[in-house]
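Top to bottom, those sequences are chains A and B.
Take 82 as the starting number for the first sequence in the numbering used here and just add one per residue.
Take 94 as the starting number for the second sequence in the numbering used here and just add one per residue.
Note that the Cβ used here is the ideal one computed from N, Cα and C, for glycine as well.
If you're wondering where the values come from, they're calculated on a predicted model, not measured in any experiment.
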Amino acid sequence: MTVLDKSAQLTRKDRGRHADRLFWAVCVFAGLAVLIILALILVTTVNEAFPAFSADFFTSTEWIPNDPDGDGPRGPVYGTLAFLYGTLVVSAIAVVVAVPVSIGIALFLTELAPPKLRATIVTLIDMLAAVPSVVFGLWGILVLAPAIVPVYQGIHDVVGGVPGLGSLFGEPRSSGRTFMTAGLILAVMIIPIITSISREVFATVPDSDKQAAWALGATRWEMIKGAVLPHSFGGVVGAVILGLGRAMGETIAVALVIGSSVQITANLFESGYALPAIIVDQWGESTGDFRAALIGMGVVLFIITVLINLLARVVVRRAEIRMKGAAA
Amino acid sequence: MTATTAARPAASAPAPADLRRSALPLRRRVVDGVSKGLMVFALLVALVPLGLVIYKVIEAGAGVMSWDFLIEDIPNSARRAGGGMGPAVAGTLIITGAAAAMSIPLGVLGAIYLNEYGKQNALARLIRTMADVMTGVPSVVMGLFVYVSYVLLVKEQSGFAAALALGCLMLPIIIRSTEEMLRLVPDELRQASAALGARRWKTTVSVVLPAAISGIVSGIMLAIARAAGETAPVVLVAGTTFVSNWSLSGDNTTLAAQIFKNAGEFFPAAQGRAWGAALTLMVIVLVFTVAARLISSRFAIKER
Numbered sequence: 082m083t084v085l086d087k088s089a090q091l092t093r094k095d096r097g098r099h100a101d102r103l104f105w106a107v108c109v110f111a112g113l114a115v116l117i118i119l120a121l122i123l124v125t126t127v128n129e130a131f132p133a134f135s136a137d138f139f140t141s142t143e144w145i146p147n148d149p150d151g152d153g154p155r156g157p158v159y160g161t162l163a164f165l166y167g168t169l170v171v172s173a174i175a176v177v178v179a180v181p182v183s184i185g186i187a188l189f190l191t192e193l194a195p196p197k198l199r200a201t202i203v204t205l206i207d208m209l210a211a212v213p214s215v216v217f218g219l220w221g222i223l224v225l226a227p228a229i230v231p232v233y234q235g236i237h238d239v240v241g242g243v244p245g246l247g248s249l250f251g252e253p254r255s256s257g258r259t260f261m262t263a264g265l266i267l268a269v270m271i272i273p274i275i276t277s278i279s280r281e282v283f284a285t286v287p288d289s290d291k292q293a294a295w296a297l298g299a300t301r302w303e304m305i306k307g308a309v310l311p312h313s314f315g316g317v318v319g320a321v322i323l324g325l326g327r328a329m330g331e332t333i334a335v336a337l338v339i340g341s342s343v344q345i346t347a348n349l350f351e352s353g354y355a356l357p358a359i360i361v362d363q364w365g366e367s368t369g370d371f372r373a374a375l376i377g378m379g380v381v382l383f384i385i386t387v388l389i390n391l392l393a394r395v396v397v398r399r400a401e402i403r404m405k406g407a408a409a
Numbered sequence: 094m095t096a097t098t099a100a101r102p103a104a105s106a107p108a109p110a111d112l113r114r115s116a117l118p119l120r121r122r123v124v125d126g127v128s129k130g131l132m133v134f135a136l137l138v139a140l141v142p143l144g145l146v147i148y149k150v151i152e153a154g155a156g157v158m159s160w161d162f163l164i165e166d167i168p169n170s171a172r173r174a175g176g177g178m179g180p181a182v183a184g185t186l187i188i189t190g191a192a193a194a195m196s197i198p199l200g201v202l203g204a205i206y207l208n209e210y211g212k213q214n215a216l217a218r219l220i221r222t223m224a225d226v227m228t229g230v231p232s233v234v235m236g237l238f239v240y241v242s243y244v245l246l247v248k249e250q251s252g253f254a255a256a257l258a259l260g261c262l263m264l265p266i267i268i269r270s271t272e273e274m275l276r277l278v279p280d281e282l283r284q285a286s287a288a289l290g291a292r293r294w295k296t297t298v299s300v301v302l303p304a305a306i307s308g309i310v311s312g313i314m315l316a317i318a319r320a321a322g323e324t325a326p327v328v329l330v331a332g333t334t335f336v337s338n339w340s341l342s343g344d345n346t347t348l349a350a351q352i353f354k355n356a357g358e359f360f361p362a363a364q365g366r367a368w369g370a371a372l373t374l375m376v377i378v379l380v381f382t383v384a385a386r387l388i389s390s391r392f393a394i395k396e397r
């Protein structure tokens, strides 16, 4: 073999070239699958739900599928406002409860816990995320809801007379299946998400910032307040939005504990309903326009959660860029 | 006025700075202590429900748990005692298995595109963003999607439809976790392989993937654990069955769907079966989660 032969071999065009090309094409297709599926979701569901989209759909609070008394000139009414309201209220409760708890845990893990304890707690929080939502729902309906009514009653007795608070914490529903119960269960379910992102964000706080705070004689809390929190504000906001999106889409646990009443009320201790919950609850008995209305609610839900997720990404990305700038 | 402010530093200057903790003003010490207390309290707020749920599932589930419970058919009347969750166990295994078989190859190949070919180009960035967005799509929407795009076409609810929906839910999770793992593989390995004359696909398949395999497997297992617990899509597209159906066609059911159905019943027998199903499901999910952690910690790529 001469040198010339060898260099000729290195540039020889063999079958491998086609294999390379083929593998690349397969990978690109697999990547595109994500885009294809998302586009298909939007197109097929909107197409199927189209008959349901009317003015009533977005503005009416009445939900009278299939004209139940069967007598009237009144056709069925598919108003979704009550469900949208329920979804918003329940996820708001979840976020209000989960955010301080998650930030507390994340701070504990990054700033306070000894390393050994930290690993254990991270595992436990991961376990919280691994528990299927239907199990939380089962526990919520059979254990939490009956047990928590006296607590609601107690809160109502104390603040019921206060204007404003009194309408929020009104007479509790005796089944315990309420906005509040659903919100609390959801809060437990989104804590792991917000905690893990907040933890990552807190970990990016530059050591020099913290040491500067120590050097000025700050206590641990003053260090957190002065160095950690301002630095990570943007990232934590992103985490909260992400948690909100997850809470709005959660179906089964909410369907079980929210109590299934189509109503708009300020009383958080009353029963309500939510968009995803009604879809699974009434899917079996739905046909025709009724089913189209349920699919329409799915479309609304899809669009809301996609927008929320995009927003969360933008916020987190922006915070990341700012943090990198600060660290450099 | 001016005299006092001028005099004060001069008066305290000779004394050495007292750096002991007790020298801090009481208010600052209390605030610090309270904040630490609140952090620990936050942890308890999260872990107490976890403990209560696990305790209750084990306590109530152990009462009905037996080998027969795992293989017997579901009674077709909720109020009847006895029977088991056999069809749900079969359905969970076959539906989740089929979902994994569909989403794993697609997810891993997609991740290879993102990390080995696309990197930071516009398409790859778009796919990455959309995969994140897809992770946040509610599972019930995935169920609706499969219903209108598949069940309506073939006019049959089936285990396969449920597997499709679960596969769609698993796909973005697998893509993102696999990509993270591929990113950890050092570039020197790829360069060494290329220098030996390997084609790019050969490098990827025989060098990059094996180097990252433990992380990829653990990510896949977490995705499987999550899919096994999903309820809403199964309720929408799988129908129901009372006898074990080990095929992908025809009505089927899963543990999660059975928990949902039985949880709302007033009959103690149904509630008991729900707790039993919950215990079974939790064990399945826990096995996958723990296995994922063990694999990833035992064979982790050393980050450099």
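Please report whether the beta-carbon of residue i lies at a distance below 7 Å from any beta-carbon of chain A.
{"i": "TYR206(B)", "result": "yes"}
{"i": "MET132(B)", "result": "yes"}
{"i": "VAL378(B)", "result": "yes"}
{"i": "MET227(B)", "result": "yes"}
{"i": "ARG391(B)", "result": "no"}
{"i": "VAL233(B)", "result": "yes"}
{"i": "MET223(B)", "result": "yes"}
{"i": "ILE313(B)", "result": "no"}
{"i": "PHE238(B)", "result": "yes"}
{"i": "TRP294(B)", "result": "yes"}
{"i": "ARG121(B)", "result": "yes"}
Using 7 Å as the limit for Cβ to Cβ distance, is residue i near chain B?
{"i": "PHE383(A)", "result": "yes"}
{"i": "ARG301(A)", "result": "yes"}
{"i": "GLY241(A)", "result": "no"}
{"i": "MET82(A)", "result": "Unreliable placement is indicated for MET82(A), whose pLDDT of 46 sits below 50; the coordinate value is still reported in the next sentence. No, no contact with chain B."}
{"i": "TRP144(A)", "result": "no"}
{"i": "THR346(A)", "result": "no"}
{"i": "LEU57(A)", "result": "Not covered by the structure: residue 57(A). The range shown for chain A is 82 to 409."}
{"i": "THR259(A)", "result": "no"}
{"i": "TRP295(A)", "result": "no"}
{"i": "THR368(A)", "result": "no"}
{"i": "GLY340(A)", "result": "no"}
{"i": "THR332(A)", "result": "yes"}
{"i": "GLU281(A)", "result": "no"}
For residue i, count the other beta carbons within 10 Å of its own beta carbon; 16 or more makes it buried, fewer makes it exposed. Which is it?
{"i": "ILE339(A)", "result": "buried"}
{"i": "VAL395(A)", "result": "exposed"}
{"i": "ASN390(A)", "result": "buried"}
{"i": "PHE314(A)", "result": "exposed"}
{"i": "ALA288(A)", "result": "It is Asp, not Ala, that sits at residue 288(A) in the sequence shown. Burial call: exposed."}
{"i": "ASN147(A)", "result": "exposed"}
{"i": "GLN213(B)", "result": "exposed"}
{"i": "LEU375(A)", "result": "buried"}
{"i": "VAL239(A)", "result": "exposed"}
{"i": "TYR233(A)", "result": "buried"}
{"i": "ARG391(B)", "result": "exposed"}
{"i": "ILE222(A)", "result": "buried"}
{"i": "GLU351(A)", "result": "buried"}
{"i": "ILE117(A)", "result": "exposed"}
{"i": "LEU199(B)", "result": "buried"}
Measure from the alpha carbon of residue i to the alpha carbon of each residue in the options, then state which is nearest.
{"i": "SER196(B)", "options": "LEU264(B), GLY365(B), GLY343(B), LEU117(B)", "result": "LEU264(B)"}
{"i": "ALA320(B)", "options": "ILE220(B), TYR210(B), MET158(B), LEU374(B)", "result": "LEU374(B)"}
{"i": "VAL244(B)", "options": "VAL138(B), ALA181(B), ASP344(B)", "result": "ASP344(B)"}
{"i": "GLY326(A)", "options": "LEU169(A), PHE110(A), ALA296(A)", "result": "LEU169(A)"}
{"i": "GLY357(B)", "options": "GLY379(A), SER214(A), GLY218(A)", "result": "GLY218(A)"}
{"i": "LEU388(B)", "options": "LEU289(B), GLY236(B), GLY312(B)", "result": "With the sequence shown as reference, residue 388(B) is identified as Ile, and Leu is not the correct amino acid for it. The candidate whose alpha carbon is nearest that of ILE388(B) is GLY312(B)."}
{"i": "ALA255(B)", "options": "ASN208(B), ALA349(B), THR382(B), ARG283(B)", "result": "ALA349(B)"}
{"i": "VAL216(A)", "options": "ARG398(A), PHE134(A), GLU143(A), THR332(A)", "result": "THR332(A)"}
{"i": "VAL109(A)", "options": "GLU209(B), SER170(B), PHE134(B), ALA363(B)", "result": "GLU209(B)"}
{"i": "ALA171(B)", "options": "ALA371(B), VAL383(B), GLN351(B), GLY126(B)", "result": "GLN351(B)"}
{"i": "GLY130(B)", "options": "ARG301(A), GLY353(A), ALA373(A), LEU392(A)", "result": "ARG301(A)"}
{"i": "VAL182(B)", "options": "THR382(B), ARG173(B), THR347(B), THR222(B)", "result": "THR347(B)"}
Going by DSSP, which residues form a beta bridge with residue i?
{"i": "ILE145(A)", "result": "VAL158(A)"}
Name, please, each residue of chain C whose Cβ falls closer than 8 Å to the Cβ of residue i.
{"i": "THR386(A)", "result": "The displayed structure is made up of protein chains A and B, and chain C is not among them."}
- prompt: Which whole runs of the alpha helix (DSSP H) in the stretch 336-380 of chain B are 4 residues long or more, in chain order?
  reply: 348-356
task: Ignoring anything shorter than 4 residues or poking outside the stretch 319-380 of chain A, list the alpha helix (DSSP H) runs there in chain order.
output: 333-338, 356-363
task: Would you list, in sequence order, the uninterrupted alpha helix (DSSP H) runs of no fewer than 4 residues that lie entirely inside the stretch 162-188 of chain A?
output: 162-188
query: Taking only runs of the alpha helix (DSSP H) that begin and end inside the stretch 179-214 of chain B, which ones reach a length of at least 4 residues, in chain order?
result: 179-205
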